[in-house]
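Novice: Have a look at the structure that comes next, please.
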């Protein structure tokens, strides 16, 4: 069944030696979405440059990634493995540039450094990363976490995202379909102006004069009707209406069966139909309007009270 959620875009920013870490985070996010999205009202949508960036000529490559990824994300996850990355001409590496830009834009930024042993063939790259990490600490740029392996990292990232969702606030409760929502209103509509009837100057009998005057009064009477509408999100099938006036009140609907119910008719979403009322010199009063219809193959009933005059 469809449900509504608020999407939170999360960018993964990292050098090229972190493919395993990125894959593990994607798996963890997919698992979280499957278990919690409907209940929490949030869905986490990862953004990875290798999957989501659109090729574009005429700009610096990192600028394109910044505009498409960093600027449009709510959270940026910064991951370092054994190296700092490639300088961009603006900053020490693309990952560092993305981290700084995200912070300047007020994004929530989480930084993770690997605590695993550095392989012999990557020691040279690791020196630059170690120096950056030392400056990060010295300048007190923020709090970072370390991870031992991709699995450990994914668990810590999910914990951070849980905190982010709390900060963002609970999303609106998932919307449930409104189903059929019937409404009943009374309307007294003045008939269109008609050409005045010619009144004879003389009548053959007094009865003829009375009949003519009665017809004139009836022509001036407003048309009284009930308006039945469906403001829900599901069509109502076989809608029937029955009036139950209080004792001593003579008001009814035209064309009903022996039990007082109108003929069944379908009422689609945002549609309305009118039922003309028959009223015999009745004082203004409240009447009960019983309705019944078929919804999802089940009979539904509801009684309204409306004022007629």
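Residue numbers (my numbering): 1301 to 1609.
Heads up, the beta-carbon is just placed ideally off N, CA and C, and yes, glycines get one too.
Judging by CA-CA distance, which residue of 1408, 1450, 1419, 1422 is the nearest neighbour of residue 1443?
Specialist: Mapped onto the chain shown, residue 1443 falls at position 143. Taking only the C-alpha atoms, the option nearest residue 1443 is 1408.
Novice: What do you reckon, are the CB atoms on residue 1433 and residue 1447 nearer than 8 angstroms?
Specialist: As a working mapping, residue 1433 is identified with position 133 in the chain shown. As a working mapping, residue 1447 is identified with position 147 in the chain shown. Going by beta carbons, residue 1433 and residue 1447 fall outside the 8 angstroms limit.
Novice: Determine the DSSP secondary structure at residue 1593, reduced to helix, strand or coil.
Specialist: Reading the chain shown from its first residue, position 293 is the one you call residue 1593. Per DSSP, reduced to three states, the secondary structure at residue 1593 is strand.
Novice: Quick one, are the C-beta atoms of residue 1586 and residue 1562 less than 8 angstroms apart?
Specialist: Counting from 1 along the chain shown, the entry for residue 1586 is found at position 286. Counting from 1 along the chain shown, the entry for residue 1562 is found at position 262. No.
Novice: Determine the direct distance from the alpha carbon of residue 1412 to that of residue 1428, and round the result to whole angstroms.
Specialist: On the chain shown, position 128 is the one that residue 1428 refers to. On the chain shown, position 112 is the one that residue 1412 refers to. Each residue's Cα considered, the two are about 16 angstroms apart.
Novice: With DSSP as the reference, label residue 1446 as helix, strand or coil.
Specialist: In the chain shown, residue 1446 corresponds to position 146, counting from 1. Correct three-state label for residue 1446: strand.
Novice: At the level of alpha carbons, what is the spacing between residue 1371 and residue 1405?
Specialist: To locate residue 1371, count along the chain shown from 1; it is residue 71. To locate residue 1405, count along the chain shown from 1; it is residue 105. Take the alpha-carbon of residue 1371 and the one of residue 1405: they are about 7 angstroms apart.
Novice: Hey, could you find the ends of the alpha helix (DSSP H) residue 1332 is sitting in?
Specialist: Position 32 of the chain shown holds residue 1332. 1319 to 1340 is the extent of the alpha helix (DSSP H) around residue 1332.
Novice: I need the DSSP call for residue 1484, collapsed to helix, strand or coil.
Specialist: Stepping through the chain shown from its first residue, residue 1484 is reached at position 184. In the structure shown, residue 1484 sits in a strand (DSSP, three-state: E or B).
Novice: Got a sec? Which residues, its chain only, sit under 8 angstroms from residue 1419 by beta carbon, not counting five neighbours each side?
Specialist: For the purposes of this step, residue 1419 is taken as the residue at position 119 of the chain shown. If we look at residue 1419 and ignore the five residues flanking it on each side, its Cβ neighbours are 1382.
Novice: Going by C-alpha to C-alpha distance, which of 1559, 1538, 1560 sits closest to residue 1594?
Specialist: Numbered from its first residue, the chain shown carries residue 1594 at position 294. Taking only the C-alpha atoms, the option nearest residue 1594 is 1538.
Novice: Starting from residue 1400, trace the alpha helix (DSSP H) in both directions and tell me its first and last residue.
Specialist: Sequence index remark: in the chain shown, residue 1400 carries index 100 (1-based). 1394 to 1404 is the extent of the alpha helix (DSSP H) around residue 1400.
Novice: Anyone know if the C-beta pair for residue 1362 and residue 1394 falls short of 8 angstroms?
Specialist: Translated into the one-based positions of the chain shown, residue 1362 becomes position 62. Translated into the one-based positions of the chain shown, residue 1394 becomes position 94. Result yes, Cβ atoms of residue 1362 and residue 1394 sit closer than 8 angstroms.
Novice: CA-CA distance, residue 1305 and residue 1556?
Specialist: Taking the first residue of the chain shown as 1, we reach residue 1305 at position 5. Taking the first residue of the chain shown as 1, we reach residue 1556 at position 256. Going from the Cα of residue 1305 to the Cα of residue 1556 covers about 46 angstroms.
Novice: Among the residues of its own chain, which have a CB less than 6 angstroms from the CB of residue 1365, if the five just before and after it don't count?
Specialist: Here residue 1365 refers to the residue found at position 65 of the chain shown. Result list for residue 1365: 1349, 1353, in chain order.
Novice: Identify which residue in 1346, 1329, 1528, 1340 has its Cα closest to the Cα of residue 1311.
Specialist: Numbered from its first residue, the chain shown carries residue 1311 at position 11. Of 1346, 1329, 1528, 1340, the residue nearest in Cα terms is 1346.
Novice: So residue 1579 and residue 1573 are in contact, right, with Cβ under 8 angstroms, and what is the actual spacing, rounded?
Specialist: Here residue 1579 is taken as the residue at index 279 of the chain shown, counted from 1. Here residue 1573 is taken as the residue at index 273 of the chain shown, counted from 1. At roughly 19 angstroms, the Cβ-Cβ gap does not stay under 8 angstroms, so residue 1579 and residue 1573 are not in contact.
Novice: Would you mind sorting residue 1543 into buried or exposed? The rule is 16 or more other CB atoms within 10 Å of its CB.
Specialist: Position 243 of the chain shown, counted from the first residue, corresponds to residue 1543. Residue 1543 is buried by the Cβ-count criterion.
Novice: Would you identify the three-state DSSP class for residue 1430, choosing helix, strand or coil?
Specialist: Within the chain shown, the letter at position 130 stands for residue 1430. Correct three-state label for residue 1430: helix.
Novice: For residue 1576 versus residue 1525, is the C-beta distance shorter than 8 angstroms?
Specialist: Along the chain shown, one-based indexing puts residue 1576 at 276. Along the chain shown, one-based indexing puts residue 1525 at 225. It is a contact, given that the beta carbons lie within the stated cut-off.
Novice: Which partner residues of residue 1537 appear in the DSSP bridge assignment?
Specialist: In the chain shown, counting from the first residue as 1, residue 1537 sits at position 237. Residue 1537 is bridged to 1594.
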